[in-house]
Amino acid sequence: SESQYDYEVYHSLEEIQSWMFEMNRTHPYLVDMFSVGKSYEGRPLYVLQLGKRSRPQKKAVWIDCGVHAREWIGPAFCQWFVKEAINSYLYDSAMRRLLNQLNFYIMPVFNVDGYHFSWTTDRFWRKTRSKNHKFHCRGVDANRNWKVKWCEEGASSHPCDDTYCGPYPESEPEVKAVAKFLRKHKKRVKAYISIHAYAQMLLYPYSYKYATIPNFNCVESAAHNAVTALYSAYGVKYRYGPASTTLYVSSGSSIDWAYRNGIRYAFAFELRDTGHFGFLLPESLISPTCTETMRAVKAIATGLLKKC
Amino acid sequence: SLYSNRYTGDQVFRITPGNDEEVHALRKMLTRMKVDFWQPNSVSLICQNATVDVHVKRNDTRGLRAHLKQENIHYGVLISNLQKEIEKQTGSHSSRKRR
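Residue numbers (my numbering), protein chains in the order written: chain A, 1 to 308; chain B, 1 to 99.
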């Protein structure tokens, strides 16, 4: 049951999906669950909607985790966020205000096929699991497949590469499903957050070019406030800035697509660590990593309720 | 055993090319050898003074070490036995399953 669910271990896809059903069943006033589509291998793409049921036109925040299969701390954070939001709704006025004024769409595992494969076969799998009809290699980098500057600098057109952009934009059912949902709700979704690992960074557009976004000052100060809030937990430093200069140039990324789609606050978190454990962040570090990231995401969401 | 022990002896190297010449030599090395890029995501993104973390299969670790020494490129081993690290990461699962 939910009270026995251990948020400080990594869970398989099946366990996470059962947990989603249980959260939906036990919190009817704050949680709604739906699927935005099916993955390449036919698995449902579940999303939890968090927030007090009120007027239909509430502003919303989208958070996805598990775009890259091997980055297990991502799904762990999405679960942690849901647990914390629900548990603190009654005693934390800041969180109560957020859930009363915003809806949060939480997608704990974006790349369900790849995540399942990383549990059962290849721990370091990154891509989706779609088949290529010309090559034996499988999968597309779900963060190079969005319809924005698709397959230009920082993506590969070779199906065996880890940054393969796919045969065409939104070729991956997972990407197409989320893009369709966000296009449909673009008027309400005010922030897009994608959780990745590792590097300890908070990134915002542009990824595909060295240029400054029009609302740079607002986004920059939101990022600064977020990493400051994160640092206040355990003194862990996160670098922040435009993805192209802070990390490297990449095309077809979700944050560039979200930004171009009208979502003015688009962020990608690269969670702990900086390489000591890499993708094998021990379970003992799930709690501090998620606690500090929770503070950063709350800071971003709180900023949406103010005018910039 | 997790993943049928397929990562026994695999290692993660952290390599830091100090100049363009070393960048060029490293790109050549890692293109020829099938490694799993942890960061950056691909060989084309390797650049001067930026760390490169690569997962190397056990049969290739000796060869890579020799090449890096030959080219005098600075490196360290982040994870000396990947299989052990995987089991440490999710060790509680196997014990939990046993429970």
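Glycine included, each C-beta is placed from N, C-alpha and C at the ideal position.
This structure is a prediction, so every number in the text was calculated from the model and none was measured.
Helix, strand or coil, according to DSSP, for residue i in the structure here?
i, result
"PHE37(B)", "strand"
"TRP72(A)", "coil"
"LYS97(B)", "Its pLDDT being 46, under 50, LYS97(B) is placed unreliably in this model, and the value from its coordinates should be taken loosely. Helix."
"PHE135(A)", "coil"
"GLY166(A)", "coil"
"GLN74(B)", "The residue you asked about is not Gln; residue 74(B) is His in the sequence shown. Residue state, collapsed to three classes: strand."
"GLN49(A)", "strand"
"HIS24(B)", "helix"
"ASP53(B)", "strand"
"GLN57(A)", "coil"
"ILE213(A)", "coil"
"ARG188(A)", "coil"
"ALA197(A)", "strand"
"PHE124(A)", "coil"
"SER44(B)", "helix"
"PRO205(A)", "coil"
"PRO173(A)", "helix"
Please confirm if residue i has its CB atom under 8 angstroms from at least one CB of chain C.
i, result
"ASN5(B)", "Considering every chain present, this structure includes no chain C. Its protein chains are A and B."
Using a Cβ-Cβ distance under 8 angstroms, would residue i count as near chain B?
i, result
"THR163(A)", "yes"
"GLY275(A)", "yes"
"ALA223(A)", "no"
"GLU283(A)", "yes"
"SER39(A)", "no"
"GLY278(A)", "yes"
"VAL297(A)", "no"
"PHE124(A)", "yes"
Give me the residue from the options with the minimum Cα distance to residue i.
i, options, result
"THR163(A)", "LYS306(A), CYS151(A), PHE104(A), VAL178(A)", "CYS151(A)"
"GLU172(A)", "SER284(A), THR121(A), GLY252(A)", "GLY252(A)"
"ASN24(A)", "ASP256(A), ALA60(A), THR120(A), ILE106(A)", "ILE106(A)"
"ALA60(A)", "LEU45(A), GLN101(A), GLY74(A), CYS137(A)", "GLN101(A)"
"VAL9(A)", "VAL31(A), CYS78(A), GLU22(A)", "CYS78(A)"
"GLY9(B)", "LYS88(B), THR61(B), LEU68(B)", "THR61(B)"
"GLN57(A)", "HIS185(A), LEU30(A), GLU71(A), ALA155(A)", "HIS185(A)"
"LEU202(A)", "GLY235(A), CYS165(A), ALA243(A)", "ALA243(A)"
"TYR248(A)", "ASN41(B), VAL56(B), LYS88(B)", "ASN41(B)"
"GLN17(A)", "ASP32(A), PRO44(A), GLY303(A)", "PRO44(A)"
"GLY235(A)", "TYR265(A), ARG295(A), VAL36(A), TYR208(A)", "ARG295(A)"
"GLN70(B)", "MET29(B), VAL35(B), GLU85(B)", "MET29(B)"
"HIS55(B)", "ILE79(B), GLY18(B), ASP20(B)", "ILE79(B)"
"SER118(A)", "LEU98(A), GLU71(A), ALA76(A), PHE104(A)", "GLU71(A)"
"SER207(A)", "LYS176(A), GLY154(A), PHE135(A)", "GLY154(A)"
"VAL31(A)", "TYR40(A), PHE21(A), LEU50(A)", "LEU50(A)"
"CYS165(A)", "LYS237(A), THR291(A), THR128(A)", "THR128(A)"
"HIS11(A)", "LEU90(A), VAL297(A), TYR240(A), GLU283(A)", "GLU283(A)"
"LYS190(A)", "ASN143(A), TRP125(A), TYR204(A), ALA258(A)", "ALA258(A)"
"GLU21(B)", "GLU85(B), PHE37(B), GLN48(B), ILE15(B)", "GLN48(B)"
"GLY275(A)", "ARG6(B), ARG14(B), GLN89(B), TYR75(B)", "ARG14(B)"
"TYR46(A)", "ARG96(A), ASP113(A), SER54(A)", "ASP113(A)"
Counting only C-beta atoms, is residue i closer than 8 angstroms to chain A at any point?
i, result
"PRO131(B)", "In the structure displayed, chain B extends from 1 to 99; residue 131(B) sits before or after that span and is not available."
"HIS74(B)", "no"
"ASN49(B)", "no"
"ILE46(B)", "no"
"ARG58(B)", "no"
"LEU30(B)", "no"
"SER111(B)", "Chain B is shown from 1 up to 99; residue 111(B) falls before or after that span and cannot be answered."
"GLN11(B)", "no"
"ILE86(B)", "yes"
"GLN70(B)", "no"
"ARG14(B)", "yes"
"ASP20(B)", "no"
"HIS55(B)", "yes"
"SER1(B)", "no"
"THR90(B)", "yes"
"LYS97(B)", "With a pLDDT of 46 at LYS97(B), under the threshold of 50, the predicted position of this residue should be treated as unreliable, though the coordinate-derived value follows. Chain A, which has no Cβ nearer than 8 angstroms to the Cβ of LYS97(B), makes this no."
Using only the heavy atoms of the ligand GDP, determine whether one of them is closer than 7 angstroms to the beta carbon of residue i.
i, result
"ASN5(B)", "Although the ligand GDP was asked about, the structure shown includes no ligands whatsoever."
Ranges of the beta strand (DSSP E) found wholly within the stretch 264-290 of chain A, counting only runs of at least 3: 265-271
Along the stretch 193-205 of chain A, where does the CB come closer than 8 angstroms to a CB of chain B? Name the residues. TYR198, ALA199
In the stretch 73-104 of chain A, which residue ranges form an unbroken alpha helix (DSSP H) of at least 4 residues, counting only runs that do not cross its ends? 73-88, 93-101
Any residues in the stretch 7-26 of chain A with a beta carbon nearer than 7 angstroms to a beta carbon of chain B? Which ones, in chain order? VAL9, TYR10
Return the residues of the stretch 230-249 of chain A that lie within a Cβ-Cβ distance of less than 7 angstroms from chain B, sorted by chain order. TYR248
Residues within the stretch 148-160 of chain A neighbouring chain B, beta-carbon criterion of under 7 angstroms: SER156
Cβ-based contacts, 7 angstroms cut-off: residues of the stretch 64-78 of chain A near chain B: none
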